[in-house]
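Below: the structure, in C-alpha cells.
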Amino acid sequence: MAGASTIWIALAAFFWGISGGIAGILLDSGWDPAVVSFYRGFVGLLFALVWLLFQRRHSGLNSRQLWFWSVVAGLGVAGNFTFYFLSIEYGNVAVAATLMYCAPVFVYLVSFALKLERPTTAKWLAIALVMVGVVLLTKLYAIGASDLSLMGVAAGLLAGLSYAVFIFGFKYAAPHGTPQAILSVAFTVLAITLLLPTDINQAVSVISAPELPLFVALGILGAGLSFLLYVVGIKHAAPALASMVAMVEPVTATLFGVAVLSESLGIIQMVGMGIILITVTALSISSR
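When we follow my numbering, the leftmost residue of the sequence shown carries the number 604, and every step to the right adds one.
In C-alpha cells form, the structure reads like this:
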C-alpha cells in the first residue's frame with residue numbers, strides 16, 4: 604500500500620501545483636488573496652459535502668478523534684493559505700515558496716521526536732537535497748537583502764509549520780472515518796477561519812464575475828479533488844514521506860507557469876527540478 608499511497612499523494616501535489624498557477628492568474632487579475640483562499644476552501648467544502656451526502660455510511664462522524672484531528676487539519680490548511688500570502692505580500696514569491704517548503708524539515712523533526720521515524724544519514728541527505736532543489740527552482744540565490752523582511756520570513760516559516768500541522772492532522776484523522784467526512788469537517792473550519800479576513804463585497808461579486816470558472820476550478824483541483832487523494836494516500840504513508848512526496852507541487856507550479864503563463868525556465872531551475880524529482884522518486888521506491 605505504501606507504493607500506491609505515494610502515487611495518490613504525488614497526484615494531490617500535482618493538482619496543488621496547478622491550482623497555484625490558477626491562483627496566480629486570479630491574483631494578477633486583481634482579486635484579493637483572502638477572497639481567492641476563501642473560495643478555494645469553500646468550493647472544496649461543497650465538493651466534500653455533496654460526496655458525503657451520497658455516501659454517508661460508516662462516515663466516522665460520531666468519532667471524537669475524527670473531529671479533533673480534522674479540526675487540527677483545517678486550522679493547518681487555513682494557516683498555510685494565510686501565512687503564505689502574507690509572506691508574498693511582505694517579501695516575494697521565491698522567499699515565500701522556499702520557506703513554506705521547509706515543511707519536510709518540521710515534519711521530520713516532529714517524527715524523530717515522537718519516534719515515528721528513525722533519524723538516518725539518508726533521510727537528512729534527502730531533506731538537504733530537496734531544500735537545495737527548492738532554492739534553485741525558486742531562484743532564492745538571486746534574492747538581494749533588500750527583498751527580505753522579518754515579517755516575510757516569519758510568515759513563510761509559519762506557512763511551512765502550518766503545512767506540517769495539516770499533514771499530521773489528516774494522518775491521524777484518516778483511520779477514524781471516510782475521506783469525505785474528514786474533508787467536510789476540515790473545510791468547514793477552513794471556510795469559517797478564512798471568512799473573517801475576507802472582503803465580503805468582493806467575495807459576493809465573484810458569483811457574477813467572468814473569472815467564476817477559474818474559482819470553481821481552483822476549488823475542485825486545489826481543495827476538493829487534491830485533498831481527497833491526499834487523505835486516501837496518507838492513510839498508509841508516514842507523515843515524513845508524505846511531506847517529501849508533496850514537493851512535486853512546486854515543480855508542477857513551475858511547469859504550469861512555463862506552459863500556460865509563458866514564463867521562462869532557466870538551466871539552474873531545471874537542475875533544481877531534477878534534484879527534487881529524483882530525490883522524491885528515490886524515497887517513494889525505498890518506502891515500498
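All residues carry an ideal CB built from backbone N, CA and C; glycine is no exception.
(request) Starting from the C-beta of K722, find all residues in its chain whose C-beta is less than 6 angstroms away, skip the five residues before and the five after it, and write them out in chain order. (result) The residue labelled residue 722 in the question sits at position 119 within the sequence shown. The sequence as given places Pro at residue 722; Lys does not occur at that position. F715.
(request) Counting only the same chain and skipping the five closest in sequence on each side, list residues whose C-beta sits under 6 angstroms from that of A616. (result) Locating residue 616 in the sequence shown gives position 13, where the first residue counts as 1. A849, V851 and E852, listed in sequence order.
(request) Below 7 angstroms CB to CB, which residues in the same chain sit around W619 once its five sequence neighbours on both sides are set aside? (result) For the purposes of this step, residue 619 is taken as the residue at position 16 of the sequence shown. Taken in chain order, the residues that qualify are G825, S829 and E852.
(message) Using C-beta distances below 8 angstroms, list every residue in its chain close to D802, excluding the 5 sequence neighbours before and after it, in chain order.
(response) Counted from its first residue, the sequence shown places residue 802 at position 199. Excluding residues within five positions, the ones whose Cβ falls inside 8 angstroms are D635, A637 and V638.
(message) So the candidates are L717, L743 and V710; which of them puts its Cα closest to the Cα of I730?
(response) Locating residue 730 in the sequence shown gives position 127, where the first residue counts as 1. Closest by alpha carbon: V710.
(request) Keeping to the same chain, check which residues put their C-beta closer than 6 angstroms to that of L868; ignore five residues upstream and five downstream. (result) The residue you call residue 868 lines up with position 265 of the sequence shown. Hits under 6 angstroms: V861.
(request) With a threshold of 16 other CB atoms inside 10 Å of the CB of K718, please say whether the residue is buried or exposed. (result) Mapped onto the sequence shown, residue 718 falls at position 115. The residue is exposed, with fewer than 16 neighbouring Cβ atoms inside 10 Å.
(request) May I ask which residues mark the beginning and end of the alpha helix (DSSP H) holding K742? (result) Counting from one through the sequence shown, the residue named residue 742 turns up at place 139. Looking at the DSSP string, K742 is not in any alpha helix (DSSP H), and its letter there is neither H nor E.
(request) Kindly indicate the opening and closing residues of the alpha helix (DSSP H) around S752. (result) Within the sequence shown, the letter at position 149 stands for residue 752. If you look at S752, you'll find it isn't in any alpha helix (DSSP H); DSSP assigns it neither H nor E.
(message) Less than 8 angstroms between the beta carbons of W654 and G836, yes or no?
(response) What you label residue 654 is simply residue 51 of the sequence shown in a count that begins at 1. What you label residue 836 is simply residue 233 of the sequence shown in a count that begins at 1. In terms of Cβ geometry, W654 and G836 do not form a close pair [threshold 8 angstroms].
(message) Could you tell me the alpha carbon to alpha carbon distance between Y693 and T796, rounded to whole angstroms?
(response) Numbered from 1 along the sequence shown, position 90 holds the residue referred to as residue 693. Numbered from 1 along the sequence shown, position 193 holds the residue referred to as residue 796. Spanning the two alpha carbons is a distance of roughly 21 angstroms.
(request) Give the straight-line distance between the Cα atoms of Q872 and N665, rounded to the nearest whole angstrom. (result) As a position in the sequence shown, residue 872 is number 269, starting the count at 1. As a position in the sequence shown, residue 665 is number 62, starting the count at 1. Going from the Cα of Q872 to the Cα of N665 covers about 48 angstroms.
(message) So, for T791: in the same chain, excluding its five sequence neighbours on each side, which residues have a beta-carbon less than 8 angstroms away from its beta-carbon?
(response) Here residue 791 refers to the residue found at position 188 when the sequence shown is read from its first residue. These residues qualify, in order along the chain: L648 and G677.
(message) I need the DSSP call for E852, collapsed to helix, strand or coil.
(response) In the sequence shown, residue 852 corresponds to position 249, counting from 1. It is helical.
(request) Apply the 10 Å Cβ neighbour rule to V809 and answer buried if 16 or more other Cβ atoms are within range, or exposed otherwise. (result) Your numbering for residue 809 matches position 206 in the sequence shown. V809 should be labelled buried.
(request) Find out if the Cβ-Cβ distance for the pair L844, A758 is shorter than 8 angstroms. (result) Numbered from 1 along the sequence shown, position 241 holds the residue referred to as residue 844. Numbered from 1 along the sequence shown, position 155 holds the residue referred to as residue 758. No. Outside cutoff.
(message) Can you give me the C-alpha to C-alpha distance between S608 and Y833, rounded to a whole angstrom?
(response) Stepping through the sequence shown from its first residue, residue 608 is reached at position 5. Stepping through the sequence shown from its first residue, residue 833 is reached at position 230. If I take the Cα positions, the gap works out to 8 angstroms.
(message) What would DSSP say about P636, mapped onto helix, strand or coil?
(response) Walking along the sequence shown from the start, residue 636 turns up at place 33. Here P636 sits in helix by DSSP.
(message) Helix, strand or coil for V863? Go by DSSP, reduced to three states.
(response) Taking the sequence shown and counting its residues from 1, one reaches residue 863 at position 260. Residue state, collapsed to three classes: coil.
(request) Assuming A820 contacts I625 (C-beta within less than 8 angstroms), just tell me the rounded distance between them. (result) In the sequence shown, counting from the first residue as 1, residue 820 sits at position 217. In the sequence shown, counting from the first residue as 1, residue 625 sits at position 22. Going by Cβ atoms, the distance from A820 to I625 rounds to 6 angstroms, so yes, they are a contact pair.
(request) Grab me the residues of L786's own chain with a C-beta within less than 6 angstroms of its C-beta, minus the 5 sequence neighbours each way, in chain order. (result) Residue mapping note: residue 786 aligns to position 183 of the sequence shown, counting from 1. Around L786: A651 and F830.
(message) Relative to the C-alpha of L732, which candidate in I888, S887 and I879 has its C-alpha closest?
(response) Your numbering for residue 732 matches position 129 in the sequence shown. When only C-alpha atoms are compared, the closest one is I879.
(message) Just to confirm my understanding: we take M754, look at its own chain, exclude 5 residues before and 5 after, and list those with CB closer than 6 angstroms. What are they?
(response) Indexing the sequence shown from 1 puts residue 754 at position 151. Result list for M754: Y693, in chain order.
(request) Within the same chain, show all residues whose beta-carbon is closer than 7 angstroms to that of L815, passing over the 5 residues directly before and after it, in chain order. (result) Position 212 of the sequence shown, counting from 1, holds the residue named residue 815. The residues are V809.
(message) Within a Cβ cutoff of 6 angstroms, which residues of the same chain sit near F818, ignoring the five residues on either side of it in sequence?
(response) The residue you call residue 818 lines up with position 215 of the sequence shown. Same-chain partners within the cutoff: Y642 and V809.
(request) Determine the contact status of G623 and Y704, defining contact as a CB-CB distance below 8 angstroms. (result) For the purposes of this step, residue 623 is taken as residue 20 along the sequence shown, with counting starting at 1. For the purposes of this step, residue 704 is taken as residue 101 along the sequence shown, with counting starting at 1. In this structure, the beta-carbon distance from G623 to Y704 does not fall below 8 angstroms.
(message) Less than 8 angstroms between the beta carbons of V897 and I888, yes or no?
(response) This structure cannot settle anything about residue 897, because the visible part of the chain is limited to 604 through 891.
(request) Tell me whether the beta-carbon of G736 lies closer than 8 angstroms to the beta-carbon of M847. (result) In the sequence shown, counting from the first residue as 1, residue 736 sits at position 133. In the sequence shown, counting from the first residue as 1, residue 847 sits at position 244. Not a contact, by the Cβ cut-off of 8 angstroms.
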